[in-house]
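Below: the structure, in structure tokens.
Residue numbers (our numbering), protein chains in the order written: chain A, 383 to 649; chain B, 20 to 286.
What follows is the structure, given as structure tokens:
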């Protein structure tokens, strides 16, 4: 039952290749999703930015109060971390609903499944870009100067997005077969929120610091957050995220190859 | 020369008890489909045969060893009673369902046109929907731009084209969808029921457009119960029964085989 044949692998390679080369279609669909939100209200996704702003405002104060940091330190820290955390949670949660949401397309036309994966990831990157406004405002207010390690920032972000892509794909495949999985995933993410240094600093965990160190999301966040705050991600951060991207994608590819042709039957 | 050849195609649908769609349930209890184990494997008048798949799961054998050869210029009618596998065959031809065994070899691009309104957005204007639907059909930006005036003129929707299609009547939206969908030049066109649109006044124009559309089509494969319509457009036929191809050849022979099958059931 779990036999993986070369046909499986070839078709999965085709799906990924054709899906990625149809990036124009993915971009078009993602942009359409964003436009639809603008159409329904004039603020569009900026509504979400607004609610993001309120969340940061609350968390920034709470973090300063609970963990005894200065506002000038807690606000940029919380905001830069949450900027990425929002992207992570939204992409994985959307990933879980990905094939079910695109079922109408998948059962009516032949289209690489990768197109819908790229659509979902790209849509969330576009929406996350809206939230940058809040960070810029905070950085200007508290005069936070990014460090020179910003040169590598795009690469860090790209690595994180690559990691998120395989996570979304795994969530998508399992959720197409088992319909109770999206809820489990969103529960797991809620727990991970508390285990990831977003409101507190890793040092504040004291002897329990390993909780943060063994959490891959800590390193994904650090890669994007540290340069913004004027620091530098450690080599360890880079290696963990790089390994996560490579190992994750190899495993996901094999998993996707095995079940890809079954997905349409599950919808 | 365009062609599409099917060799001993088998397609099976797994039947899931609702509980089997739950990961929690599937992990906890290691028995399969208790609820549907009462289903016998005797054959019925309608539907595919029920049997057990490779993994011992209950499956419906929707296509059971279907082979055919279709060449350029052929206009093939697919006949069969409800549940005989017509739609499954069409979707398999289109590459949407991948067969469990057997193969389809197509020379030329297979173009399924099942849902004329696929990709259209109720909140977008008529013009925007021409772009949306056009992209979904795989047209390039230039092709859409070139066809835009022709599509707009044909629909006779005038200023409505600049309003969200939510404001359209069902018939108006269908007119637009029909106009866009028939702007393409398909190599191998696959239809589930004949497409069409419009009220009595419009129908003559729609028919004329349909005629030129089908004339540019290399191979037409269409499923329907309407023998009069099939006689108008087709020259060949295939008759499906319980997922097996029981007759193929000239349209008249297949239609009479179908009619005697239907007549036999009435008695």
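Where is the CB? At the ideal position from N, CA and C, for every residue including glycine.
Interface criterion not met: the Cβ of residue 118 of chain B is under 7 Å from no Cβ in chain A. Of all alpha-carbon atoms in B:20, B:25, B:21, the one lying nearest the alpha-carbon of residue 264 of chain B is that of B:25. Between residue 590 of chain A and chain B, the shortest Cβ-Cβ separation is not below 7 Å.
With 16 or more other Cβ atoms inside 10 Å of its own Cβ, residue 96 of chain B counts as buried. With distances taken between CA atoms, residue 516 of chain A lies nearest to A:432 out of A:432, A:633, A:636, A:396.
Proximity of chain B to residue 501 of chain A at the Cβ level (cut-off 8 Å) is not reached, the minimal Cβ distance being about 12 Å.
Contact between the stretch 206–214 of chain B and the stretch 169–188 of chain B is absent, with fewer than three C-beta pairs closer than 8 Å. In the DSSP secondary-structure assignment, residue 515 of chain A is not bridged to any residue. Taking 7 Å as the cut-off, the beta carbon of residue 143 of chain B is found no closer than this to the beta carbon of residue 23 of chain B. Distance between residue 132 of chain B and residue 68 of chain B, taken at the CA atoms: about 27 Å.
Taking one beta carbon from each stretch, the stretch 500–519 of chain A and the stretch 577–591 of chain A have fewer than 3 pairs nearer than 8 Å; the two do not touch. Scanning the stretch 159–197 of chain B from its first residue to its last, the whole alpha helix (DSSP H) runs of 4-plus residues come out as 160–174. Of the other Cβ atoms in all chains shown, 16 or more fall within 10 Å of the Cβ of residue 202 of chain B; this residue is therefore buried. Chain A places no beta carbon closer than 7 Å to that of residue 83 of chain B, leaving this residue out of the contacts.
Contact of residue 410 of chain A with chain B is assigned, a C-beta pair being separated by under 7 Å. Any Cβ of chain B closer than 7 Å to the Cβ of residue 423 of chain A would place that residue at the interface, and such an atom is absent.
The beta carbon of residue 269 of chain B is closer than 8 Å to those of 254, 255, 256 in its chain, skipping five residues each way along the sequence. With distances taken between CA atoms, residue 558 of chain A lies nearest to A:647 out of A:491, A:521, A:647, A:524.
DSSP links residue 264 of chain B through a beta bridge to B:259. For the 7 Å CB-CB criterion, residue 129 of chain B and residue 31 of chain B do not form a contact. Against residue 562 of chain A, the close residues of chain B are 41, 42, 43, in the order they occur along the chain (beta-carbon pairs closer than 7 Å).
Between residue 76 of chain B and residue 33 of chain B, the C-beta gap is smaller than 7 Å, which places the two residues in contact. Burial of residue 94 of chain B is indicated by the presence of at least 16 other C-beta atoms within 10 angstroms of its C-beta.
Apart from the 5 residues on each side of it in sequence, residue 591 of chain A sits with its Cβ closer than 8 Å to the Cβ of 584, 585 in its chain, given in chain order. By a beta-carbon distance limit of 8 Å, residue 194 of chain B contacts residue 176 of chain B. Their separation comes to about 7 Å. In the displayed model, residue 615 of chain A falls within coil according to three-state DSSP, outside both helix and strand. Residue-level contact by beta carbon holds for residue 113 of chain B and chain A, with a gap shorter than 7 Å. Collapsing the DSSP output to three states places residue 579 of chain A in coil.
Annotated three-state conformation of residue 26 of chain B is strand, per DSSP. Judged by DSSP secondary structure, residue 399 of chain A falls within the alpha helix (DSSP H) whose first and last residues are 388–403. Not a single CB atom of chain A sits nearer than 7 Å to the CB of residue 197 of chain B. Looking at the DSSP output, residue 211 of chain B bridges to B:242.
At least 7 Å separates the beta-carbon of residue 388 of chain A from that of residue 117 of chain B. Counting other Cβ atoms within 10 Å of its Cβ, residue 480 of chain A reaches 16 or more and is therefore classed as buried. Under the DSSP assignment, residue 83 of chain B falls in the beta strand (DSSP E) whose first and last residues are 77–90. The stretch 605–621 of chain A makes no contact with the stretch 79–95 of chain B: fewer than 3 CB pairs, one atom from each, lie closer than 8 Å.
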